[in-house]
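Novice: Below you will find the structure I want to go over with you.
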């Protein structure tokens, strides 16, 4: 193991730099650059066909880039001495032989990676699959297959975790389990990179996001910052009152913009909720609802990727 | 070494090898019965009726035949194991997992080649032990002795070992060239079973066309023919010496092994 792999500055950091993949007719990934920090969950977002999976596969040496580099802790995946002890990956297509049992699937990986056999049992227990250890893979539900994939990724107790659409096929209980599990791993200081297009889930899970579309970077940063960058002039306030006219007059005096939402409520922009409340109190207007509406990740994502999605 | 262990574990933890072993055993039983009947007819003085003569009619040649019973189909079964070792990775989408555990793809293929030859050896060992016990018993009971001291017999046994190892390696090579499991299995089986006859016919036509019987010798470039040439006794106008067959087979093994490594190194795993 080289010194660079343990150096404090790059340990656990994922750096993608000028990464490009040209297929015969399509430039799947186009000069993509971003950095993923350890100790945080990073959501890797993009519409279908944006190049998420291709990017992750280039990061893991499964697909050869046309140009550019992707490194983990300063090394290309192929140059890591014991890759599974450093990086664990769950890819969408990762699968097992249908006729092999879950535990044997993990034991094969342990044998290939030179990990002790007991790690297979430990990883299976970690994801709660021990009761199904001796069942064949073809008898697994989609959720169990995802858990087995995570168990495989955890065999080497890796510093970095990369997951492609891990929530696919999980039931609500499974999704909540996954959220807690990944947040826990990030809390331990590991790097967690999760691709997904379940944006409401990402808002609950991710600390940072990297948004790509049509193979190019659209936005990168902490979730709050990315959302904030798209909310021109701050949040919106929703008000419900039986005396709309009086309130509108009072709010216009505060330089607020007021629109009707068509469902009996007023949408106020330009001022915050306390200002609206104070104005109502001053005008002697009764309020039935006063809510601050933050734009969510979904709204921001759709705005950022508008026109870049779809089939290329 | 880890990789060879992992490959053997992959085979042990599925039922495929078991079915192929059953197939190999059945073909031994059938072939042994046929070869035993043939030996007793030929050595009993009826060689002419079966069209067997010369070197082929000696007790040693017949014993070699008996001691290698079932190896014609056995070779195909080990080739299928080699093919499945590679194509299973794509059919069951485990190639991703395999190459994540070992990004050095050359090592993965070398591990498969080593595990494949080891399996070929085990199949040969099991087949040969069965043939030796049954064959020695049969020959002794018919007053021909075991014939195990005869060089043609020993040579047939040893070269079958080489054939088993090479055909498993060829299977791995074919698997890397044709990753579609069904496609690879059917292509290989057709090339092995039907191919020999077709090649024989083509060369017969060619020799008539060129008015030259020497052309027939060139059938040996076909792997299944080379395999037969390698283990059979004697040479003639039509059949080249055994070592030509051996060289051709080793050549195929090297070419398919190298091609397998080179192709796998470049391939994008999607």
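Protein chains in written order, with my numbering: chain F, 6 to 317; chain B, 136 to 405.
Where is the CB? At the ideal position from N, CA and C, for every residue including glycine.
(1) For the stretch 66 to 79 of chain F, which residues have a beta carbon sitting closer than 7 Å to at least one beta carbon of chain B?
(2) Compare the C-beta of residue 403/B with all C-beta atoms of chain F and state if any pair is closer than 7 Å.
(3) Could you have a look at residue 92/F and say whether DSSP puts it in helix, strand or coil?
(4) Is residue 103/F helix, strand or coil by DSSP?
(5) Thinking C-beta only, is residue 250/B closer than 7 Å to residue 139/B?
(6) By the criterion of Cβ-Cβ separation under 7 Å, what are the contact partners of residue 145/B in chain F?
(7) Figure out for me which residue from 168/F, 89/F, 120/F has the closest Cα to the Cα of residue 238/B.
(8) With a threshold of 7 Å on Cβ separation, who are the neighbours of residue 14/F within its own chain once the five nearest residues in sequence on each side are excluded?
(9) Under 8 Å: do the stretch 167 to 187 of chain F and the stretch 107 to 120 of chain F share three or more Cβ pairs, one atom per stretch?
(10) Taking any Cβ of chain F, which residues in the stretch 144 to 165 of chain B have a Cβ under 9 Å from it, in chain order?
(11) Closest Cβ-Cβ distance between residue 82/F and chain B: below 7 Å?
(12) Residue 235/B and residue 65/F look like a contact to me (Cβ under 8 Å); what is the Cβ gap, rounded to whole Å?
(13) With C-beta atoms as the reference, is residue 375/B less than 7 Å away from residue 390/B?
(14) Assess, as a yes-or-no matter, whether the stretch 271 to 279 of chain B is touched by the stretch 224 to 231 of chain B under the definition of 3 or more beta carbon pairs within less than 8 Å.
(15) Quickly, what does DSSP pair residue 281/F with across the bridge? List them, please.
(16) Tell me, please, which residues DSSP counts as bridged to residue 222/F.
(17) When the Cα of residue 271/F is compared with those of 256/F, 147/F, 283/F, which residue comes out closest?
(18) Counting Cβ pairs closer than 8 Å, one from the stretch 281 to 297 of chain B and one from the stretch 198 to 209 of chain B, do we hit at least three?
(19) I need the DSSP call for residue 298/F, collapsed to helix, strand or coil.
(20) Does the structure place the stretch 205 to 218 of chain B close enough to the stretch 320 to 334 of chain B that three or more beta carbon pairs sit under 8 Å?
(21) So residue 105/F contacts chain B; which residues on that side make the cut at Cβ distance below 7 Å?
(22) Figure out for me which residue from 148/F, 158/F, 291/F, 184/F has the closest Cα to the Cα of residue 125/F.
(23) For residue 253/F, collect the residues of the same chain with a Cβ closer than 6 Å to its Cβ; drop the 5 residues on either side in sequence, then sort them by chain order.
(24) Residue 49/F and residue 198/F - do their beta-carbons sit closer together than 7 Å?
(25) Note down the Cα distance separating residue 307/F from residue 291/F, rounded to an integer number of angstroms.
(26) Near residue 207/B, what residues of its chain come up, given a Cβ to Cβ distance below 8 Å and the 5 sequence neighbours on each side ignored?
(27) Give me the chain B residues within the contact set of residue 88/F, using Cβ-Cβ distance strictly less than 9 Å, ordered along the chain.
(28) Would residue 199/B and residue 291/B be called neighbours here (beta carbons separated by less than 7 Å)?
(29) Could you check whether residue 214/F and residue 228/F sit closer than 7 Å to each other, using their CB atoms as the reference points?
(30) In the DSSP assignment, the beta strand (DSSP E) including residue 348/B goes from what residue to what residue?
(31) How is residue 166/F classed by DSSP in three states: helix, strand or coil?
(32) Ignore the nearest five residues each way along the sequence and tell me which others in residue 206/F's own chain have a CB closer than 7 Å to its CB.
(33) For a test of the three-state rule: what should DSSP assign to residue 221/B, helix, strand or coil?
(34) From residue 308/B to residue 27/F, what distance separates their C-alpha atoms?
(35) Measure the C-alpha to C-alpha separation of residue 73/F and residue 45/F and round it to an integer number of angstroms.
(36) Using Cβ-Cβ distances below 9 Å, what residues of the stretch 306 to 339 of chain B are close to chain F?
Specialist: By the coordinates alone:
(1) 66, 67, 68, 69
(2) yes
(3) DSSP places residue 92/F in strand when its eight states are reduced to three.
(4) coil
(5) yes
(6) 113
(7) Nearest in C-alpha terms to residue 238/B, of all of 168/F, 89/F, 120/F, is 89/F.
(8) Model confidence at residue 14/F stands at a pLDDT of 49, short of 50, so the residue's coordinates are unreliable; what they give is reported in the following sentence. For residue 14/F, where only same-chain residues beyond five positions count, there are no Cβ hits under 7 Å.
(9) no
(10) So the list reads 144, 145, 147, 148, 149, 150, 151, given in the order they occur along the chain.
(11) yes
(12) 6 Å
(13) no
(14) no
(15) Its beta-bridge partners do not exist; DSSP assigns none.
(16) Residue 222/F pairs with 217/F.
(17) 256/F
(18) yes
(19) strand
(20) yes
(21) 148, 149
(22) 158/F
(23) 263
(24) yes
(25) 36 Å
(26) 162, 166
(27) 235, 236, 237, 238
(28) With contacts defined by Cβ atoms closer than 7 Å, residue 199/B and residue 291/B form a contacting pair.
(29) yes
(30) From DSSP, residue 348/B is part of no beta strand (DSSP E); its letter is neither H nor E.
(31) strand
(32) Within the same chain, residue 206/F has close Cβ partners 172, 180.
(33) Collapsing the DSSP output to three states places residue 221/B in a helix.
(34) 28 Å
(35) 25 Å
(36) none
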